[in-house]
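Here is the structure we will look at, set down as structure tokens.
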Amino acid sequence: MPLLKAGQIVDDPWIRVAEDAALPDDQPVLITHARWEAEKEALSQRNAPLGIILPNSLDVLGFGAEAGRFSVIVLSFPKFSDGRAYSQARLLRERFGYIGELRASGDVLRDQLLHMHRCGFDAFEIARADAAEIFAKALAAYSAYYQPTGSSPQTVWAQRLRQRQEAAQ
Amino acid sequence: MYKYDQLDQTIVEERVAQFRDQVARRIAGELSEDEFKPLRLQNGLYLQLHAYMLRVAIPYGVLSSRQLRQLAHIACRYDRGWGHFTTRQNIQFNWIKLEEAPDALADLAKVQMHAIQTSGNCIRNTTTDQFAGAAADEIEDPRVWCEIIRQWSTFHPEFSFLPRKFKIAVTGSPNDRAAVRVHDIGLRMHKNARGEVGFEVIVGGGLGRTPFIGKTIRDFLPKQHLLSYLEAILRVYNQFGRRDNMYKARIKVLVHEIGIEAMREKVEAEWQAIKDGALQLPQDLVDQIAAHFAPPPFETLPAGIAPEYAQAFRTDFEFGLWARRNTAKHKQPGYAIVTISLKKEGEAPGDASAEQMQAVADIADRYSFGEIRVTHEQNLVLPHVKQADLPAVWRALKAYDLATPNVGLASDIIACPGLDYCALANARSIPVAQQIALRFKNWERAHDIGELKIKISGCINACGHHHVGHIGILGVDKAGEEYYQVTLGGSADQNASLGDLIGPGLDARQVVDAIDAIVETYLRIRQKDEIFLDTYRRVGLKPFKEAVYAAA
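Order-wise, the sequence lines are chains A and B.
Residue numbers for the first sequence follow our numbering, so the first one is 10 and each next one is one higher.
Residue numbers for the second sequence follow our numbering, so the first one is 40 and each next one is one higher.
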């Protein structure tokens, strides 16, 4: 699957490993949350980088403290209309300070890229040759936002307060 | 009223450009209907029985005369000369062409209007008291908070794909005219023991196929924490609301299934983590928004009834009838609030022609500081009319068939579009509303009956709010025939209640007779000063049920 990261199409070095398959020793792997729960001890001994795929039904409040142990966290959109991962993303970034790659997987469509980006996603599994172009376009659609979310630039409210302070001087 | 600054204006214009691109991609076949659907829905564009319907947001029901004129223009240019005001204080146009929708939105943007989030599983237009800023019983102006909620909820990236739609209502008065107990979140402004104004937060109310009266999740929320508290509720709902069955996906079902205590625990825990963060509202910002809602330049007038008004009331019977039903007490001495009935007997409830919209805009300019409100009961309001001008306003409205003296009476019916327009409906609503209104057309009888809220829905989605009608009527499909179920005793005010089913369904002709029989029974057994709802609450279903089914 092609990967859109930091606005560019890149090769995905991460290997998804099925629940019961053996893990390659020296390659970066994405494991399921269930496997992490079952094999935490052994997995912590590994030297190669580790990433995790979280189901969107997971309450990340119980997971967030461990987020920093992963280089990649993959969140799932089984359907584009199932928006649970938006909340998971903000919690991981803003509550737990997760700074690794936050990847959107599943039904990732052009018209949701901006929302995902604003909630803290920085990588997208999207199978389109023009992914970089549509991503740039999606991010340019709006010049300001009302909500102070993870990766938003200055909010409308912050800009207003600044305008007022400048006017007062 | 609120005026956009450059930032607000830019966002709305960017939205038009974005939607224009989406429509072009749909027409070019690049987007499938399945992919396009959620995009057009988040812009209020529905595919109905005959054409596209465009639902335009009227944030918290407040319109300027300039905006109302533009709605008249939209009705003429893109529709067939009509608009339909809805129970969510919005307006719908029923005959829109897909390829023209972006132009209609561009025209709306010129007057600071849009169709953003008037549909879809996101936070919808926030509604409030149509008398806000004018009502004599108001604690504080709720529009300030509605506007703050509007901004916070517009394109909220986390809450654009919720399990289901989400509706917030705010009241600033103890007499609830905004039905806050039957919304996903209801906010009731009140004073605590220290005299500070804050919100009672009510969650999990709603109508539809499983109606619930909302439950109080927090008695008193200080105002500066409003947005963080809303965000906490929405975050809990977004993660834990049901997504396996769209009929069980509203927050009311989550609250019902886990219980209000568990819900409170989750929300409060989330809120503690974010309450002192970026969503805390600086007073400076609140003041800046509140300044938009400063009272208009009222004249200083003596208290009491203006002599011109008293004179007309005594000498012109028809005017007196209208003034009794269609005006309300204003907080400013010498002023009154006028409700314009869009319920002329025999017309579709909530419909207004482009000509009528123009006329109301002109009257508002001359007599009400250019301000108009839309009510959730599908009427319009002139919020600030001098009492002395009431006779002139009445005459001006009468010339456009807008002076029906029936506000709050049996013919002031809420009805959804029903099977005549809506793809979901099982039965027609508008013709039933029209027949009932005609049955209660006689002013003497109607005024004798007094306050009576009849609400009609054409299917169990309950857009006509039948559960909270003093008399509710629900259209159902019974083996291909249209039938109507009648409920009694519902109410959407501060003492909200859900109606009780009276018995087996009735056909379209029988249901009008049944309403008549119910009203006759009330007139026979009512005690002094009781309105229908009081009598029902005193005696219960039995006598009404007997009256309805006796003949059958």
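Positions of the beta carbon are idealized from the N, C-alpha and C atoms, including for glycine.
No experiment lies behind these values; they were computed from the predicted model shown.
Residue closest to residue 31 (chain B), alpha-carbon to alpha-carbon, out of B:407, B:433, B:569 and B:383
With chain B covering 40 to 591 only, the question about residue 31 (chain B) has no answer from this structure.
Chain A contact residues for residue 9 (chain B), given Cβ-Cβ distances below 7 Å:
Any question about residue 9 (chain B) goes unanswered here, given that chain B covers just 40 to 591.
Spatial distance of residue 431 (chain B) from residue 442 (chain B) (CA atoms):
12 Å
Beta-carbon neighbours of residue 195 (chain B), restricted to chain A and to distances below 7 Å
156
CB-CB length for residue 67 (chain A) against residue 82 (chain A), believed under 8 Å:
The pair is not a contact, with the Cβ atoms about 11 Å apart (cut-off 8 Å).
Name, please, each residue of chain A whose Cβ falls closer than 7 Å to the Cβ of residue 125 (chain B).
Those within 7 Å of residue 125 (chain B) in chain A number zero; the least Cβ separation is about 24 Å.
What ranges does the beta strand (DSSP E) occupy inside the segment 212-242 of chain B, keeping only unbroken runs of at least 3 residues that lie completely in it?
224-230 and 236-242
Residue 92 (chain B) by DSSP, collapsed to three states: which one?
strand
Looking only at its chain, what residues have a beta carbon closer than 7 Å to the beta carbon of residue 230 (chain A), apart from the 5 residues adjacent to it on each side?
Residue 230 (chain A) lies beyond the range of chain A shown here (10 to 178); nothing can be said about it.
Between which two residues does the alpha helix (DSSP H) holding residue 569 (chain B) run?
Here residue 569 (chain B) belongs to no alpha helix (DSSP H), and DSSP marks it neither H nor E.
Answer yes or no: does any C-beta atom of chain A fall closer than 8 Å to that of residue 378 (chain B)?
no
Out of A:114, A:39, A:38 and A:97, state which residue places its alpha-carbon closest to the alpha-carbon of residue 107 (chain A).
A:97
Cβ contact check for the segment 295-306 of chain B and the segment 247-266 of chain B: 3 or more pairs under 8 Å
yes
Would you mind telling me which residues of chain D sit closer than 8 Å to residue 165 (chain A), beta carbon to beta carbon, in chain order?
Annotation note: the requested chain D is absent from the structure, which comprises protein chains A and B.
Classify residue 6 (chain B) as buried or exposed, calling it buried when 16 or more other Cβ atoms lie within 10 Å of its own Cβ.
Because residue 6 (chain B) is not part of the residues shown, which for chain B are 40 to 591, the question remains open.
Cα separation between residue 223 (chain B) and residue 291 (chain B)?
7 Å
What residue from B:500, B:418, B:193 and B:120 has the CA that sits closest to residue 82 (chain B)'s CA?
B:193
Out of B:275, B:281, B:245 and B:239, which one is the CA nearest neighbour of residue 261 (chain B)?
B:239
Where are the alpha helix (DSSP H) runs, 4 residues long or more, that stay fully inside the segment 20-55 of chain A, in chain order?
42-53
Alpha carbon to alpha carbon, what distance is there between residue 115 (chain A) and residue 88 (chain A)?
7 Å
What does residue 160 (chain B) touch in chain A if you count any residue whose Cβ is under 9 Å from its own?
90 and 92
Looking only at its chain, what residues have a beta carbon closer than 7 Å to the beta carbon of residue 365 (chain B), apart from the 5 residues adjacent to it on each side?
377, 378, 380, 444 and 446
Can you tell me whether residue 51 (chain B) is buried or exposed? The criterion is at least 16 other CB atoms within 10 Å of its CB, across all chains shown.
buried
Say whether chain A places a C-beta atom closer than 8 Å to the C-beta of residue 199 (chain B).
yes
Which residue's Cα is closest to the Cα of residue 543 (chain B): B:529, B:69 and B:512?
B:512
Would you give the residue range spanned by the beta strand (DSSP E) that residue 25 (chain B) belongs to?
Residue 25 (chain B) cannot be examined here, being either before or after the span of chain B that is shown, 40 to 591.
Counting only C-beta atoms, is residue 533 (chain B) closer than 8 Å to chain A at any point?
no
Mapping DSSP to helix, strand and coil, what is residue 127 (chain B)?
coil
Measure the alpha-carbon distance for residue 415 (chain B) versus residue 126 (chain B) and round it to whole angstroms.
4 Å
Between the segment 92-112 of chain B and the segment 398-418 of chain B, can you find at least three pairs of beta-carbon atoms closer than 8 Å?
yes
Please classify residue 123 (chain B) as buried or exposed, where buried requires at least 16 other C-beta atoms within 10 Å of its C-beta.
buried
C-alpha gap between residue 589 (chain B) and residue 551 (chain B), whole angstroms:
15 Å
Chain B residues whose Cβ lies nearer than 9 Å to that of residue 151 (chain A):
49, 50, 53, 54, 57 and 194
Quick one: what's got a C-beta closer than 7 Å to residue 120 (chain B)'s C-beta in the same chain, skipping five residues either side?
114, 392 and 393
Check whether chain A comes within 8 Å of residue 181 (chain B), counting only Cβ atoms and requiring the distance to be less than that.
no
Can you give me the start and stop residues for the beta strand (DSSP E) that residue 512 (chain B) sits inside?
510-517
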